[in-house]
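Right, one structure below, let's go through it.
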Amino acid sequence: MMSNSKIREGNYVEFLPSGKLSFEKRWKLIDNAQETIHLVTFSFMNDETTHRLVNKLLEKLRRGVEVKIILDQIVNKTTFVGKLLKRLEKNGAELHQYNPLGQGWRIHWEEGHPFKQLMRNAKLKLKQHFHEKYMVIDGEEVILGGINWGDKYAYGGIREEAWRDSDVYLKGPVVRDIQIQFLKDFYRYKLWERTVREKPRSRYYEFVKTIKWINSGFIEEQFPGYLKNNKPCGTASVAYMAHKPYDDEELPLTNKFLELIASAKEHIFWGCHGIRPPRIYGYYLAEAVKRGVEVHLITCSKKSSKSLMLNGLFGWMYWECTKHFRYLLENGIHIYEWQPKGAFHSKNLLIDNTVCSIGSYNIARGSTYHHSESNVLIYDPEIIRQVEAQFYIDLKDCREVILSEIIHKLPARNAFDRVLHERDLMIDKELIPEEIFNELLRKNYKRILT
Numbered sequence: 001m002m003s004n005s006k007i008r009e010g011n012y013v014e015f016l017p018s019g020k021l022s023f024e025k026r027w028k029l030i031d032n033a034q035e036t037i038h039l040v041t042f043s044f045m046n047d048e049t050t051h052r053l054v055n056k057l058l059e060k061l062r063r064g065v066e067v068k069i070i071l072d073q074i075v076n077k078t079t080f081v082g083k084l085l086k087r088l089e090k091n092g093a094e095l096h097q098y099n100p101l102g103q104g105w106r107i108h109w110e111e112g113h114p115f116k117q118l119m120r121n122a123k124l125k126l127k128q129h130f131h132e133k134y135m136v137i138d139g140e141e142v143i144l145g146g147i148n149w150g151d152k153y154a155y156g157g158i159r160e161e162a163w164r165d166s167d168v169y170l171k172g173p174v175v176r177d178i179q180i181q182f183l184k185d186f187y188r189y190k191l192w193e194r195t196v197r198e199k200p201r202s203r204y205y206e207f208v209k210t211i212k213w214i215n216s217g218f219i220e221e222q223f224p225g226y227l228k229n230n231k232p233c234g235t236a237s238v239a240y241m242a243h244k245p246y247d248d249e250e251l252p253l254t255n256k257f258l259e260l261i262a263s264a265k266e267h268i269f270w271g272c273h274g275i276r277p278p279r280i281y282g283y284y285l286a287e288a289v290k291r292g293v294e295v296h297l298i299t300c301s302k303k304s305s306k307s308l309m310l311n312g313l314f315g316w317m318y319w320e321c322t323k324h325f326r327y328l329l330e331n332g333i334h335i336y337e338w339q340p341k342g343a344f345h346s347k348n349l350l351i352d353n354t355v356c357s358i359g360s361y362n363i364a365r366g367s368t369y370h371h372s373e374s375n376v377l378i379y380d381p382e383i384i385r386q387v388e389a390q391f392y393i394d395l396k397d398c399r400e401v402i403l404s405e406i407i408h409k410l411p412a413r414n415a416f417d418r419v420l421h422e423r424d425l426m427i428d429k430e431l432i433p434e435e436i437f438n439e440l441l442r443k444n445y446k447r448i449l450t
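Residue numbering for the sequence shown follows UniProt numbering, beginning at 1 and increasing consecutively.
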């Protein structure tokens with residue numbers, strides 16, 4: 001369902017299938033910013049690229065440009081950028097660090113055993129992340145996609161060890177939707193900061209139920225100065241979708257991607273750094289193959305996954321992916337492993353020649369159920385052609401996984417046999433297959449908040 005988005009006509013779109021192309025555009029937009037720089041990211045690396053960004057933002061702050069940033073706090077603890085962030089704040093930038101490590105641990109003695117509460121809170125810390133990546137400049141221009149800030153992203157297409165990733169540049173009516181979403185997020189996150197200071201026992205998942213009034217209409221009324229006319233300037237039809245499982249208690253991108261997979265007639269191309277889909281995606285992809293649809297998934301190889309965080313969390317990321325291979329391959333889904341040294345991090349989805357999606361959403365449980373994501377759906381023949389062409393370029397640097405060649409290496413455990421998750425209940429009921437729906441009715445699922 002697209003309840004939180006509308007298709008906007010008349011947009012100008014540029015596909016940016018490398019860090020080189022994206023950062024050339026990013027630096028130019030920041031240099032030309034006159035009023036506002038609104039930036040969201042999953043992570044900043046403590047390296048040359050991020051230092052360059054910080055220096056540019058400091059210069060813009062000195063010139064009176066407003067800088068607001070939303071980032072995932074826990075991940076950025078691991079990249080040691082605290083001093084850089086403090087420099088920005090000291091010079092006037094406004095930051096919100098999502099889901100801080102120090103919050104959410106208080107015990108509510110009236111709710112049972114403290115150890116169980118601690119385990120629940122730890123699971124929330126591990127699962128609830130702000131994974132979005134976009135930047136709005138002066139309310140007029142946007143870059144959005146899967147690329148964070150750091151050398152391994154910026155040198156994509158230049159250095160072998162850098163990552164293969166994608167962004168998209170947008171101008172036109174859809175930019176207003178993205179600007180409104182940023183303002184909505186920043187307002188409610190700052191309200192949460194104030195709430196938890198005044199009432200330290202507050203819990204975020206209870207807080208969000210009380211702020212449903214913070215909607216697009218409220219933002220338009222309260223912050224009209226940020227919203228531009230955004231007249232049509234191109235020919236592309238684009239829908240922006242914000243996916244906020246813990247903020248909005250909905251799974252709009254999951255619902256939409258399931259709909260798109262169900263609608264496919266010819267082919268599906270999809271990629272990310274580690275394909276770890278939950279059971280419902282496995283079912284939908286297998287059903288697509290039964291209808292005669294060719295399904296192609298690109299993911300990291302064992303070698304390229306080592307360039308991910310902490311060597312792919314010491315090998316776990318690739319090992320976890322392989323637990324999904326048997327089912328997918330047995331059901332006729334093609335899997336291709338990226339062979340270059342740097343990771344394959346691009347998350348593009350292509351359905352036939354009708355629509356493509358570019359953004360931060362992964363083929364994984366995190367994005368399906370837990371992570372805050374931002375994607376655009378693009379209904380434009382030329383951009384769709386470019387995205388499809390890039391998939392074929394990428395496949396030249398991949399090796400197809402053949403079940404008979406790797407079956408003896410696969411883990412014995414099939415990831416699709418795992419118990420369902422309580423958050424499967426958040427998927428639109430008409431999209432849930434009967435087998436999964438019956439399990440949910442029997443309450444055969446893992447729980448965190450229920």
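We treat Cβ as the ideally placed atom computed from N, Cα and C, and that holds for glycine.
Does Glu66 come out as helix, strand or coil in the three-state DSSP assignment? As a working mapping, residue 66 is identified with position 66 in the sequence shown. Residue state, collapsed to three classes: strand.
State the beta-bridge partners of Tyr240 as determined by DSSP. For the purposes of this step, residue 240 is taken as the residue at position 240 of the sequence shown. Residue pairing of Tyr240 in beta bridges, as defined by DSSP: Val376.
If you drop the 5 nearest sequence neighbours on each side, which residues of the same chain put their C-beta closer than 7 Å to that of Cys321? In the sequence shown, residue 321 corresponds to position 321, counting from 1. The residues are Gly274, Ile275, Arg276, Thr299.
Distance check for Glu161 and Glu266, CA to CA, integer angstroms please. Reading the sequence shown from its first residue, position 266 is the one you call residue 266. Reading the sequence shown from its first residue, position 161 is the one you call residue 161. If I take the Cα positions, the gap works out to 34 Å.
Those residues which DSSP pairs with Ala122 across a bridge: Translated into the one-based positions of the sequence shown, residue 122 becomes position 122. Bridge partners of Ala122: none, in fact.
Within its chain, find whatever has a CB closer than 7 Å to the CB of Glu48; leave out the 5 residues flanking it on each side and keep chain order. As a first step, residue 48 must be located in the sequence shown, where it is residue number 48. Asp151.
Alpha-carbon to alpha-carbon, Ala33 and Leu441: As a first step, residue 441 must be located in the sequence shown, where it is residue number 441. As a first step, residue 33 must be located in the sequence shown, where it is residue number 33. Straight-line Cα distance between these residues: approximately 53 Å.
Going by beta-carbon coordinates alone, are Pro245 and Tyr369 separated by less than 8 Å? Numbered from 1 along the sequence shown, position 245 holds the residue referred to as residue 245. Numbered from 1 along the sequence shown, position 369 holds the residue referred to as residue 369. Yes, the pair counts as a contact, with Cβ atoms nearer than the cut-off.
By the 10 Å Cβ neighbour count, where 16 or more other Cβ atoms means buried, how is Asp338 classified, buried or exposed? Working through the sequence shown from its first residue, we reach residue 338 at position 338. Note that residue 338 is Trp in the sequence shown, not Asp. With 16 or more Cβ atoms within 10 Å of its Cβ, Trp338 is classed as buried.
Measuring alpha carbon to alpha carbon, tell me which residue in Met135, Arg164, Trp27 is nearest Phe182. The residue labelled residue 182 in the question sits at position 182 within the sequence shown. The residue with the shortest Cα to Cα distance from Phe182 is Met135.
CB of Ser374 within 8 Å of CB of Glu132, strictly: Indexing the sequence shown from 1 puts residue 374 at position 374. Indexing the sequence shown from 1 puts residue 132 at position 132. Result yes, Cβ atoms of Ser374 and Glu132 sit closer than 8 Å.
Counting Cβ pairs closer than 8 Å, one from the stretch 350 to 369 and one from the stretch 382 to 398, do we hit at least three? Touching, yes, given that three or more Cβ pairs across the two stretches are closer than 8 Å.
Candidates His296, Thr50, Leu308, Asn348: which alpha carbon is nearest Gly332's? The residue you call residue 332 lines up with position 332 of the sequence shown. Of the listed residues, the one whose Cα sits closest to Gly332 is His296.
Contact between the stretch 80 to 93 and the stretch 167 to 180 (3+ Cβ pairs under 8 Å): With the cut-off at 8 Å, the stretch 80 to 93 and the stretch 167 to 180 do not touch.
When burial is assigned at 16 or more other CB atoms within 10 Å of the CB, is residue 504 buried or exposed? Lying outside 1 to 450, the shown extent of the chain, residue 504 is not represented and no answer is given.
DSSP bridge partner residues for Phe269 (one or two, in chain order): Here residue 269 refers to the residue found at position 269 of the sequence shown. In DSSP, Phe269 forms a bridge with His296, Leu350.
Mind checking whether Phe23 and Val75 have CB atoms under 8 Å apart? Walking along the sequence shown from the start, residue 23 turns up at place 23. Walking along the sequence shown from the start, residue 75 turns up at place 75. Not in contact: Phe23 and Val75 (Cβ atoms no closer than 8 Å).
Quick one: is Pro114 buried, meaning 16 or more other Cβ sit within 10 Å of its Cβ, or exposed? By 1-based counting over the sequence shown, the position of residue 114 is 114. Its Cβ having fewer than 16 others within 10 Å, Pro114 is exposed.
Given a cut-off of 8 Å on the beta-carbon distance, is the pair Glu259 and Leu431 in contact? By 1-based counting over the sequence shown, the position of residue 259 is 259. By 1-based counting over the sequence shown, the position of residue 431 is 431. Yes. Within cutoff.
Is the beta carbon of Tyr98 less than 8 Å from the beta carbon of Leu449? Along the sequence shown, read from residue 1 onward, the residue named residue 98 stands at position 98. Along the sequence shown, read from residue 1 onward, the residue named residue 449 stands at position 449. No. Outside cutoff.
With H, G and I counted as helix, E and B as strand and the rest as coil, what does DSSP make of Phe115? Residue numbering aside, residue 115 sits at position 115 when the sequence shown is read from its first letter. It is helical.
Measure the alpha-carbon distance for Gly145 versus Pro17 and round it to whole angstroms. As a working note, residue 145 is residue 145 in the sequence shown. As a working note, residue 17 is residue 17 in the sequence shown. Distance between the alpha carbons of Gly145 and Pro17: 10 Å.
Would you call the CB atoms of Ser307 and Gly342 closer than 8 Å? Reading the sequence shown from its first residue, position 307 is the one you call residue 307. Reading the sequence shown from its first residue, position 342 is the one you call residue 342. Their beta carbons are under 8 Å apart, which means Ser307 touches Gly342 by this criterion.
Phe15, DSSP secondary structure in three states: Here residue 15 refers to the residue found at position 15 of the sequence shown. The answer is strand: DSSP assigns Phe15 an E or B state.
Please look up how many angstroms separate the CB atoms of Ile427 and Ile280, rounded, as I've assumed it's under 8 Å. As a working note, residue 427 is residue 427 in the sequence shown. As a working note, residue 280 is residue 280 in the sequence shown. Contact between Ile427 and Ile280 holds, with the beta-carbon distance rounding to 7 Å and staying under 8 Å.
How is the alpha helix (DSSP H) around Val401 delimited, first residue to last? Taking the first residue of the sequence shown as 1, we reach residue 401 at position 401. First-last for Val401: undefined, no H or E at that position.
Is it right to say Arg201 is buried, meaning 16 or more other beta carbons lie within 10 angstroms of its own, or is it exposed? Looking up residue 201 in the sequence shown gives position 201. Exposed.
Report the rounded CA-to-CA distance for Ile69 versus His96, giving the unit in angstroms. Taking the first residue of the sequence shown as position 1, residue 69 is located at position 69. Taking the first residue of the sequence shown as position 1, residue 96 is located at position 96. Each residue's Cα considered, the two are about 6 Å apart.
Going along the chain, which residues of its own chain have a beta-carbon closer than 6 Å to the beta-carbon of His243, five neighbours each way excluded? Taking the first residue of the sequence shown as position 1, residue 243 is located at position 243. Contacts found: Pro252, Leu253, Glu373.
Less than 8 Å between the CB atoms is what I'm expecting for Val174 and Tyr240, so what's the real figure, rounded? For the purposes of this step, residue 174 is taken as residue 174 along the sequence shown, with counting starting at 1. For the purposes of this step, residue 240 is taken as residue 240 along the sequence shown, with counting starting at 1. At roughly 5 Å, the Cβ-Cβ gap stays under 8 Å, so Val174 and Tyr240 are in contact.
Use the C-beta contact count for Gly359: other C-beta atoms within 10 angstroms, 16 or more gives buried, fewer gives exposed. Numbered from its first residue, the sequence shown carries residue 359 at position 359. So Gly359 ends up on the buried side.
If we count Cβ pairs, one from each stretch, closer than 8 Å, do we get three or more for the stretch 214 to 231 versus the stretch 156 to 170? No: fewer than three Cβ pairs fall under 8 Å.
Backbone secondary structure at Ser367 - three-state DSSP: Within the sequence shown, the letter at position 367 stands for residue 367. In this structure, Ser367 counts as helix in the three-state DSSP scheme.
Residues of its chain near Glu9, where Cβ-Cβ distance is below 6 Å and the 5 sequence neighbours each way are ignored: The residue given as residue 9 occupies position 9 in the sequence shown. Once the five neighbours on either side are set aside, the close Cβ partners of Glu9 are Ser237.
Would the beta-carbon of Arg365 fall within 8 Å of that of Pro278? Counted from its first residue, the sequence shown places residue 365 at position 365. Counted from its first residue, the sequence shown places residue 278 at position 278. Contact flag set, yes.
Ile107 to Lys116 span [Cα, whole Å]: Here residue 107 refers to the residue found at position 107 of the sequence shown. Here residue 116 refers to the residue found at position 116 of the sequence shown. C-alpha separation (whole angstroms): 10 Å.
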